[in-house]
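In terms of our numbering, the sequence shown has 245 at position 181, counting the first letter as 1, and numbering is strictly consecutive.
A virtual CB, placed ideally from N, CA and C, is assigned to each residue, including glycine.
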Amino acid sequence: MAIIDKIKAKAKADLKHIVLPEGEEVRNVQAAVMIRDQGLAKLTLLGDPAKVKEVAAGADLTDIEIVNPATSDKQALYAATLYDLRKAKGMTEEEAAQKVTDPMYYGIMMVKLGDADGLVSGAIHSTGDMLRPALQIIKSKPGMKTVSSCFLMELKDKSFGDDGVMIFSDCGVIPDPDAEQLANIALGAADSARSLAGMEPRVAMLSFSTKGSAKHDDVTKVQEATRIAHEMDPELELDGELQLDAALVEKVGQLKAPGSKVAGHANTLVFPDLGAGNIGYKLVQRLAHAEAYGPILQGIAKPCNDLSRGCSAEDIVATVAITACQAQA
65 MAIIDKIKAK AKADLKHIVL PEGEEVRNVQ AAVMIRDQGL AKLTLLGDPA KVKEVAAGAD
125 LTDIEIVNPA TSDKQALYAA TLYDLRKAKG MTEEEAAQKV TDPMYYGIMM VKLGDADGLV
185 SGAIHSTGDM LRPALQIIKS KPGMKTVSSC FLMELKDKSF GDDGVMIFSD CGVIPDPDAE
245 QLANIALGAA DSARSLAGME PRVAMLSFST KGSAKHDDVT KVQEATRIAH EMDPELELDG
305 ELQLDAALVE KVGQLKAPGS KVAGHANTLV FPDLGAGNIG YKLVQRLAHA EAYGPILQGI
365 AKPCNDLSRG CSAEDIVATV AITACQAQA
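Written out as structure tokens, the structure is:
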């Protein structure tokens, strides 16, 4: 069974409430019908009900909640809560009242106050448009200082990862993490491995050096991140710094990092910076014809996930199922 089918089955087993702020956009409406029909989540579409129904073009929207933030009876509560959260940063009551009429802010407030379990957006908004209010309002998980992202990868070659399933991180958020941020990314990626793929993480902290084979500030950063990550979670199977071949190929791992439980068996790859991570997942996706699901936010207190603006309705369905599984965790 493909990993996305396992995730959908998990989502069905414990339904969560997901909000789609881009409810007036055709792919979101198409996806909502598919999600309803597949029984993956309870849904709220945000937008003017008349516009949503117009976009639906006659499709049956039964059991799909449609809420207009501009006329919602929750507006006053959300505005007051947002003002309390952001007044120290200079937000006025009038600004808060205006913000919650924006579907993105309204959706984030739904998640913040427990009126929804998670949020999916990005078909017509930039990553920043979603990430900014999410970080301002929902913030990071307790004990985590860094919100980052991962891709859930499924390779055709089942000899890698856990039956071809791997986590790649960070591929979408932090351009040049310092050692502490990189350690937080590693722990976030480990959580993603457990919650999304149901696998016990074996985390490789990647570098162009293995166990001191090269000297450079970039190597030192990964070594320090490895030390910090071990302090944060001493039980986690995590090792570094490791070159990619040492992380993935057993014979190379035994040669370059003898005695390592991770070398040669990694299922979770932590890249030293965003350039390496973004290029790495796209190389595997395009050249190895792997399935790539993401970017999936990790380290955030409640699940909010971004979409590519080129996404299909099926991509939205998959991301909602992933978000629902994160909400279960």
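Excluding sequence positions up to five away, which residues of its chain have a Cβ less than 7 Å from the Cβ of leucine 371?
Taking the sequence shown and counting its residues from 1, one reaches residue 371 at position 307. Within the same chain, leucine 371 has close Cβ partners Val184, Ser185, Gly186, Ala187, Asp379, Ile380, Thr383.
According to the neighbour-count rule (16 or more other Cβ atoms, all chains shown, within 10 Å of its Cβ), is histidine 280 buried or exposed?
Here residue 280 corresponds to residue number 216 of the sequence shown, with the count starting at 1. Flag for histidine 280 reads exposed.
Do you know offhand how far glycine 374's Cα is from lysine 325's?
Reading the sequence shown from its first residue, position 310 is the one you call residue 374. Reading the sequence shown from its first residue, position 261 is the one you call residue 325. Between glycine 374 and lysine 325, the C-alpha separation is close to 40 Å.
By how many angstroms is the C-alpha of threonine 156 removed from the C-alpha of lysine 346?
The residue you call residue 346 lines up with position 282 of the sequence shown. The residue you call residue 156 lines up with position 92 of the sequence shown. One C-alpha to the other measures close to 43 Å.
Alanine 105 and isoleucine 130 - do their beta-carbons sit closer together than 8 Å?
On the sequence shown, residue 130 is found 66 positions in, with the first residue counted as 1. On the sequence shown, residue 105 is found 41 positions in, with the first residue counted as 1. Against a cut-off of 8 Å, the Cβ pair of alanine 105 and isoleucine 130 comes out as no contact.
Just to confirm before moving on: does the CB-CB distance between alanine 250 and isoleucine 231 stay below 8 Å?
Along the sequence shown, read from residue 1 onward, the residue named residue 250 stands at position 186. Along the sequence shown, read from residue 1 onward, the residue named residue 231 stands at position 167. Taking 8 Å as the Cβ cut-off, alanine 250 and isoleucine 231 do not qualify as a contacting pair.
If you draw a straight line from the alpha carbon of glycine 396 to that of alanine 144, how long is it in whole angstroms?
With the chain running from 65 to 393 in the structure shown, residue 396 is simply not present.
Would you mind working out which of Asp240, Asn248, Cys389, Lys320 sits nearest leucine 338, comparing C-alpha positions?
Against the sequence shown, residue 338 aligns to sequence position 274. Between leucine 338 and the set Asp240, Asn248, Cys389, Lys320, the nearest pair of CA atoms involves Asp240.
How about cysteine 389 and alanine 75: are their beta carbons less than 8 Å apart?
Counting from one through the sequence shown, the residue named residue 389 turns up at place 325. Counting from one through the sequence shown, the residue named residue 75 turns up at place 11. Annotated as proximal: cysteine 389 and alanine 75, with beta-carbon spacing under 8 Å.
CB glycine 363 to CB valine 211, shorter than 8 Å?
Within the sequence shown, numbered from 1, the residue matching residue 363 stands at position 299. Within the sequence shown, numbered from 1, the residue matching residue 211 stands at position 147. Contact: yes.
In chain order, what residues of the same chain lie with their CB nearer than 8 Å to the CB of leucine 177, ignoring the 5 residues before and after it?
Here residue 177 is taken as the residue at index 113 of the sequence shown, counted from 1. Around leucine 177: Leu141, Tyr142, Thr145.
Would you give the residue range spanned by the alpha helix (DSSP H) that asparagine 342 belongs to?
As a working note, residue 342 is residue 278 in the sequence shown. That run of the alpha helix (DSSP H) goes 338-351.
Compare the C-alpha of glycine 358 against each of Lys285, Cys368, Glu86 and name the closest.
Here the question's residue 358 lines up with position 294 in the sequence shown. Distances from the CA of glycine 358 to each of Lys285, Cys368, Glu86 were compared; the closest alpha carbon is that of Cys368.
Around the C-beta of glycine 341, are 16 or more other C-beta atoms found within 10 angstroms, so that it is buried, or is it exposed?
Within the sequence shown, residue 341 is the residue found at index 277, counting from 1. Under this definition glycine 341 is a buried residue.
Quick one: which unbroken beta strand (DSSP E) runs of 3-plus residues sit fully inside the segment 196-246? Chain order, please.
212-218, 229-233
Could you tell me which of Asn132, Asp242, Glu159 sits nearest to valine 334, measuring between CA atoms?
What you label residue 334 is simply residue 270 of the sequence shown in a count that begins at 1. The shortest C-alpha separation from valine 334 is found at Asp242.
In chain order, which alpha helix (DSSP H) runs of at least 4 residues are fully inside the segment 91-138?
113-120
Can you tell me where the beta strand (DSSP E) with arginine 266 in it begins and where it stops?
Along the sequence shown, one-based indexing puts residue 266 at 202. Looking at the DSSP string, the run of the beta strand (DSSP E) that includes arginine 266 is 266-270.
What would DSSP say about glycine 317, mapped onto helix, strand or coil?
Looking up residue 317 in the sequence shown gives position 253. Three-state DSSP puts glycine 317 in a helix.
Which value, in whole angstroms, describes the spacing of the CA atoms of leucine 306 and phenylalanine 215?
Within the sequence shown, residue 306 is the residue found at index 242, counting from 1. Within the sequence shown, residue 215 is the residue found at index 151, counting from 1. Roughly 20 Å between the two C-alpha positions.
Taking only the alpha-carbon atoms, compute the straight-line gap between methionine 98 and aspartate 227 and give it to the nearest angstrom.
Residue mapping note: residue 98 aligns to position 34 of the sequence shown, counting from 1. Residue mapping note: residue 227 aligns to position 163 of the sequence shown, counting from 1. Taking the Cα positions, methionine 98 is about 28 Å away from aspartate 227.
Taking the straight line between their C-alpha atoms, what separation do you get for lysine 138 and asparagine 248?
Here residue 138 corresponds to residue number 74 of the sequence shown, with the count starting at 1. Here residue 248 corresponds to residue number 184 of the sequence shown, with the count starting at 1. Their Cα atoms are separated by approximately 35 Å.
Using 8 Å as the threshold, is the C-beta distance between valine 348 and leucine 219 below it?
Position 284 of the sequence shown, counted from the first residue, corresponds to residue 348. Position 155 of the sequence shown, counted from the first residue, corresponds to residue 219. Taking 8 Å as the cut-off, the Cβ atoms of valine 348 and leucine 219 count as close.
Which two residues bound the contiguous beta strand (DSSP E) that contains glycine 358?
On the sequence shown, residue 358 is found 294 positions in, with the first residue counted as 1. Here the beta strand (DSSP E) through glycine 358 covers 355-362.
Is it buried or exposed, isoleucine 343, if we count other Cβ atoms within 10 angstroms and call 16 or more buried?
One-based indexing of the sequence shown puts residue 343 at position 279. Its Cβ having fewer than 16 others within 10 Å, isoleucine 343 is exposed.
Could you tell me the distance, in whole angstroms, from the CA atom of arginine 258 to the CA atom of alanine 391?
Residue numbering aside, residue 258 sits at position 194 when the sequence shown is read from its first letter. Residue numbering aside, residue 391 sits at position 327 when the sequence shown is read from its first letter. Each residue's Cα considered, the two are about 13 Å apart.
Could you give the DSSP three-state label for leucine 308: helix, strand or coil?
Numbered from 1 along the sequence shown, position 244 holds the residue referred to as residue 308. Leucine 308: helix per DSSP, three-state reduction.
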